[in-house]
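4 protein chains.
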Amino acid sequence: MSVQHRKIRMGMVGGGEGAFIGVVHRLAANLDGVIELVCGAFSRDAENCKRTGRALCLDDSRCYTSYAEMFEAEKALPSEQRMEFVAVVTPNHLHFDVAKQALESGFHVLSDKPATFSLAEANALEKIVAKTGLLYGLTHTYLGYPLVKHAKQLVQDGALGKVTKVVSHYHQGWLATPPSEDNKQAEWRLDPKTAGISCCMGDIGVHAANLVEYITQDEITELCADLTSTVEGRVLDDDGCVIFKTKQGAKGIISASQICVGDENDLSIKVYGDKASLFWRQEEPNSLWVKYQNAPSQLLRVGVGELSSEAQAAIRTPAGHPEGYIEAFANIYKDFAKQVAIFGSDGLDEAEVPGIEHAVRGMAFIENVVYASQSEQKWHTLVLDANELK
Amino acid sequence: MSVQHRKIRMGMVGGGEGAFIGVVHRLAANLDGVIELVCGAFSRDAENCKRTGRALCLDDSRCYTSYAEMFEAEKALPSEQRMEFVAVVTPNHLHFDVAKQALESGFHVLSDKPATFSLAEANALEKIVAKTGLLYGLTHTYLGYPLVKHAKQLVQDGALGKVTKVVSHYHQGWLATPPSEDNKQAEWRLDPKTAGISCCMGDIGVHAANLVEYITQDEITELCADLTSTVEGRVLDDDGCVIFKTKQGAKGIISASQICVGDENDLSIKVYGDKASLFWRQEEPNSLWVKYQNAPSQLLRVGVGELSSEAQAAIRTPAGHPEGYIEAFANIYKDFAKQVAIFGSDGLDEAEVPGIEHAVRGMAFIENVVYASQSEQKWHTLVLDANELK
Amino acid sequence: MSVQHRKIRMGMVGGGEGAFIGVVHRLAANLDGVIELVCGAFSRDAENCKRTGRALCLDDSRCYTSYAEMFEAEKALPSEQRMEFVAVVTPNHLHFDVAKQALESGFHVLSDKPATFSLAEANALEKIVAKTGLLYGLTHTYLGYPLVKHAKQLVQDGALGKVTKVVSHYHQGWLATPPSEDNKQAEWRLDPKTAGISCCMGDIGVHAANLVEYITQDEITELCADLTSTVEGRVLDDDGCVIFKTKQGAKGIISASQICVGDENDLSIKVYGDKASLFWRQEEPNSLWVKYQNAPSQLLRVGVGELSSEAQAAIRTPAGHPEGYIEAFANIYKDFAKQVAIFGSDGLDEAEVPGIEHAVRGMAFIENVVYASQSEQKWHTLVLDANELK
Amino acid sequence: MSVQHRKIRMGMVGGGEGAFIGVVHRLAANLDGVIELVCGAFSRDAENCKRTGRALCLDDSRCYTSYAEMFEAEKALPSEQRMEFVAVVTPNHLHFDVAKQALESGFHVLSDKPATFSLAEANALEKIVAKTGLLYGLTHTYLGYPLVKHAKQLVQDGALGKVTKVVSHYHQGWLATPPSEDNKQAEWRLDPKTAGISCCMGDIGVHAANLVEYITQDEITELCADLTSTVEGRVLDDDGCVIFKTKQGAKGIISASQICVGDENDLSIKVYGDKASLFWRQEEPNSLWVKYQNAPSQLLRVGVGELSSEAQAAIRTPAGHPEGYIEAFANIYKDFAKQVAIFGSDGLDEAEVPGIEHAVRGMAFIENVVYASQSEQKWHTLVLDANELK
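Going down the list, the sequences are from chains A, B, C and D.
Each residue of the first sequence is one higher than the one before, starting from 1 at the first, in the UniProt record's numbering.
Each residue of the second sequence is one higher than the one before, starting from 1 at the first, in the UniProt record's numbering.
Each residue of the third sequence is one higher than the one before, starting from 1 at the first, in the UniProt record's numbering.
Each residue of the fourth sequence is one higher than the one before, starting from 1 at the first, in the UniProt record's numbering.
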């Protein structure tokens, strides 16, 4: 039997003119033709909001100047018209409230990271998600790459043996000098009122930590941290190093920086086991190195040979047709849409979307790192509850 | 003033279940949210066609089992509903007739390459395009990459000096052994009845030739060719080498092969001038090397520094967020949609889509190469008129 | 005027059969034809010593079974026959005594690193060098690479602006599993009686620290360290991470490891300034990346364009003829031989050989890192005097 | 039993001040400490010759201003003093006569390539070598690389299956513009009186052909060629392309060029079989790629895992300590010295030095290519006898 498929209806909060990540979210949502953008609260500026909506072929009636208004209005629409989930792409300080109101209005949430402004908010959000029973996804984009999924599988299958050391770098250079005045991206990320207590660790360090924990399927339990505000006059960190220990006994290093002149979006990870090691780098995402003790290294490539089923499901084209960042992002959207489609049914959901636990662990990583950086003591135990961090 | 944008309506011929390139065309059409698939003649098999359409969220009424029927039915629809252009993604032997009927029914055409089954058909198609005055685009995907556009600009701006030598390889390995029986992609490409007089040169060599002519803005005028059917029992070529001379006095080499075991989709080009040279490779499309005589080489990257305006317009994300094959393909679609949108208006069209001249030159390249390969004479003048090739 | 050149006469302590680094020292000494090996105390085993000497075309009379005997005997030879300097290539615990006796016997010393068994010995050696007034060189091989010399010059010339962050990795994998019983290299390096208080930091971490200080011409002043003995049963570290601050205000990370399965001799360094950054990696030593904020990266290559005069003097072949580890090593030998040749003359010596200050700083790095690793306090001030480390 | 080793005594013709390749030959001869330079006819200019000799620590009495004189004088010396072989490093036009006189005077010969000025000379030299029964070696340097030796073994062992296609490029850029007046290297290479009938093919194309035949252990039997004199005023080729067929049924392409601006010494080879393919590139000589159909590629590295015994014997340092061009060159010298040492004995000689057959095939390649390039016919059978080429 073949039923007619329908597109999942999405709304968006944030992503008006001048925004960066909102555009990417929309490209990702478009790619596979399974999601339809039906409404948005793109900007508090009514004109910006309307212009954005029109450029996206939306009717003015579905462009709202506040997310509260949007949730209200959409709830009132017939169920086959109203949005089913909301993509949250505002600056950090709004994430929590948008997600909270959306969930409490009955809408699933797919949020940009970091999940919230603070760990306390993340702790609170976790409760709301549990209470509403709705879907909550977090766009930890890099988990959408096929070879990241395969790397996880390799570790899980024991291909590396016991993991002993992990090194992850996330180096960018765009904040190496004071940004120009009209750089909105830089402005809100460097402002504690919109970004939270960290710039570099909150914006990108958290991706590295997430990647470490995802690929190793292990947890960072202790850390030693040193954050730096390199450029004069900055309140928040633009660079930092974290040494860590994991639950299963590995050690590791995360170096995150936004002052690495000449580096673009250089996220990489090396995982060393006692049998083999792996290496992956975001800027060449279709290659995964697996290296052995005194035997030839192997270069695994997207589309070549057998990859894990999760990896395979995340590939759209044959070998040698490079897929990139937008495709990885679209994998998260595609998987989330699948979850929305089967929500409430008995259907088995194999799609894996980073969720609320990633949200809490991510915020915990950020706040614990900031705390540890300010301490004179070397090692700190990572805690997940904001109340335990004085 | 801000008007509401609308999506351009697309139909598709070909691309039913089991097809490869049709899927890519749809991803490319989806990406930027400016095109809407409204109908399709995906397969002559009615069930396949309907299943494909449903999976794409199309109404059964817009799924047709013949393109003739589709053109007829769509023409009868109100203008604000009917498709505006058709994407042709069938095997080669149908390209001409689909394009011909579409144009004669008043629809613009965006065709997969090679444009037609034979040079004679391409010559005929050129006349039909001219007569109807409608848009004809050819998805020479690789021209959609930002750094290919920038490479062209560098040559045009004289950054390389006088071009002296060009080397382009297009090496794949997937036909190195006899393909399995259920490999439809291999089957029709190796069959002269569906593919035409060449497999390797028609499928991929023509991309290399197109890239050479596009980047250098020069024309191949003379060639010496040697084609091979490496795997026993094959009628058509699976490998070949072409040495050529250009109008402006450069020399060059094209090596195209489908028997290069271990190579994925390895299209690359080196252009040498008397001042500098450039190197680009499709599998790492976000990097462009420019090399100098006795001075450091430069690595140009998508998103870093100033690129040509055409290149800039083809980029969606910041530096270090790799865009790939689908994005390049989507650039062709986006540009073609823009042309469709302003068709008939006085609006200036800066969008550059490979068109009917590329179609003719591509088919001429294929047939001239086959002709030259069979000759004992070294050099042949490339002719564009099928009648001049006995 | 053209005088006949003569070869500088060298003796060697260590480097008998089964040794590794002694062989490399001899290849390095041979390469440029300016040094002649005239004698050796290759092994305490008389047969091994003699066999080694004969394989090296030495007369039995110049093969000694103890270095004390060698210094005595050589001193007694006519000045135009006796060795002029001694290469010390024994395990670490003998370095000091060999160097001490050699210097006190009137011979210049070129020693493998680390310079001594302990910082206290290095402090003592510094005084002996000063007292004897003779030459003391340390084979910090990696400083012999042309592009390392050029990197230093770039920093010195301000090409990078103010240095803000330095990341150096030295990853090997050969000790990831317990070594086989007959692996002499592993045996003495893992034994505190022959290696000293550190394996990994003493063997390779010290190279990374040396490279950091050399290229930046800055000094590590504070450090936070974490060493690990990954493989069960090991007393000494086989892995470690050091976070540091420098005199001129940069921050940095050194990751050194011998348990990085699949890594060969992967020493690399990234130096970030506020204007530009550089990247060099020992396994591809003829390439040096210089990267800029929002402008194309530059790839500097040995033999291409203008390099610093020190770099230029360290190159033997034209561009594209890869020189490697032995050539870098030979540059240290060549420069040391030049110093020996002009020793005592008024001649200006521009040849730069890492000397006794490198010896002291290297041993200080090792001991301070071990001390800091054992502490619960995060930051420690690096001290050069062994007495200040309780 | 352990006998005292002795160094093999070498003389040199050519390599005076201003020469390039002579210096490299001497470094290569020095490296392993098994060869001693005892005399030279470095230059016809007596002062240059003497200065060169002195810089090399030679006594004036062993510096000759003509090779005829040198052979005469050395022959007269006691056998334990006189040179045993001569290294020929003059411009091409002298190679034959030097080799001929040396052989006829009883000295073994190790010659730079191309072996002679013409194929006719190579044919004649082959007879002289046979008649004298002495050793003749040709420094086809690239065969000295460990991974080239291993690549040959892989093909021989059937690891690639049946070889179907070979692509070798040798691209340099140094002659892309008219060289400066004092560039002696360029001057004699571009002059038919000193270089012979080809510049590019004779200087570097012949290396590519040699590499193709060595690794595949196959022979080029037919060729189609196109040579170009790109820079105005040049008599000889500075660029060329050769398409070829081999005895065992493979096809191939050689592109050689000296006008590839920005390329250094870019010799590379790809060998495709029906099971696997390999890729090697001279500028990164310690890496060898082996690629498979739909399985991960393997990166073989010098020092990692099991290599062929010939490859293993050509390595001096552990993995990750890059060896390069001089080491490859030294392998030829070391192997030749071994042959000289055991000459006349019953000892089995496993050392493999490219010899007189390489000399003849190399010269045949050059002359056949020039001949084929001037022809209007596409394919030509490669002949080894100069008389068969009109």
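A virtual CB, placed ideally from N, CA and C, is assigned to each residue, including glycine.
Quick one, which of the options has its alpha-carbon nearest residue i's?
i, options, result
"D/V271", "B/I269, B/C260, B/E376 and B/S277", "B/C260"
"B/L134", "B/F117, B/V155, B/Q101 and B/P146", "B/Q101"
"D/E232", "B/L223, B/A208, B/A276 and B/K162", "B/K162"
"C/E36", "C/H171, C/E310, C/Q172 and C/R6", "C/R6"
"A/L211", "A/P178, A/N183 and A/L147", "A/L147"
"C/T221", "C/L227, C/R234, C/K247 and C/G202", "C/K247"
"B/Q156", "B/I215, B/T194, B/G196 and B/E126", "B/I215"
"A/S79", "A/T141, A/D45, A/G14 and A/R9", "A/R9"
"D/K112", "D/V369, D/N30, D/H358 and D/S255", "This sequence places Asp at residue 112 of chain D; Lys is not what is there. Nearest of D/V369, D/N30, D/H358 and D/S255 to D/D112, Cα basis: D/H358."
Please report the straight-line C-alpha distance between residue i and residue j, rounded to a whole angstrom.
i, j, result
"A/L64", "A/P91", "For clarity, residue 64 of chain A is Tyr in the given sequence; the question names Leu instead. Each residue's Cα considered, the two are about 18 Å apart."
"A/A372", "C/C39", "57 Å"
"D/P318", "C/G324", "13 Å"
"A/E187", "A/D237", "14 Å"
"A/S168", "C/K275", "24 Å"
"B/H108", "B/F85", "4 Å"
"D/E213", "D/Q282", "16 Å"
"A/K75", "A/G11", "12 Å"
"B/F343", "B/P285", "31 Å"
"B/S257", "B/Q172", "6 Å"
"D/L307", "C/P322", "21 Å"
"A/H380", "A/A120", "19 Å"
"A/G202", "A/N265", "15 Å"
"C/I21", "C/L56", "15 Å"
"B/L175", "B/H207", "18 Å"
Using a cut-off of 9 Å between C-beta atoms, extract the partners of residue i located in chain D.
i, result
"residue 391 of chain B", "Any answer about residue 391 of chain B is impossible in this case: the structure gives chain B only from 1 up to 390."
Could you work out which residues of chain B lie near residue i, taking near to mean beta carbons separated by less than 7 Å?
i, result
"A/P285", "P322"
"D/G173", "Q293"
"C/L299", "P296, S297 and L299"
What residues of chain C sit near residue i, judged by a beta carbon separation below 7 Å?
i, result
"B/N294", "V304 and G305"
In chain D, which residues lie with their C-beta within 7 Å of the C-beta of residue i?
i, result
"C/V24", "T317"
Since residue i meets chain A, which of its residues come closer than 7 Å, beta carbon to beta carbon?
i, result
"D/Q153", "Per Cβ cutoff of 7 Å: no residues; D/Q153 is ~14 Å from chain A at best."
"C/T228", "K251"
Name the chain D residues whose beta carbon is nearer than 8 Å to that of residue i?
i, result
"B/A176", "T164, Y272, D274 and Q293"
For residue i, return the contacting residues in chain C, with the cut-off set at a CB-CB distance below 8 Å.
i, result
"D/I259", "Simply none; closest approach about 15 Å."
So what does DSSP say about residue i, is it helix, strand or coil?
i, result
"D/W188", "helix"
"D/G11", "strand"
"D/Y371", "helix"
"D/H169", "strand"
Just the chain B side, please: which residues come within less than 8 Å of residue i by C-beta, in chain order?
i, result
"residue 392 of chain D", "Missing from the structure shown is residue 392 of chain D; chain D here goes from 1 to 390 and no further."
List the residues of chain B that residue i touches, going by C-beta distances under 9 Å, in chain order.
i, result
"A/G33", "R26, L27, A29, N30, L37, L56 and C57"
* Continuous beta strand (DSSP E) assignments of at least 3 residues falling wholly in the region 267 to 321 of chain B -> For the region 267 to 321 of chain B, the continuous beta strand (DSSP E) assignments of 3+ residues that do not extend past its boundaries occur at 276 to 281, 287 to 292 and 295 to 301, in sequence order.
* Counting only runs of 3+ residues fully inside the region 1 to 73 of chain A, write out the beta strand (DSSP E) ranges in chain order. => 8 to 13 and 35 to 41, all fully within the region 1 to 73 of chain A.
* **Secondary structure, alpha helix (DSSP H): runs of 4+ residues fully inside the region 91 to 117 of chain A** => 92 to 104, all fully within the region 91 to 117 of chain A.
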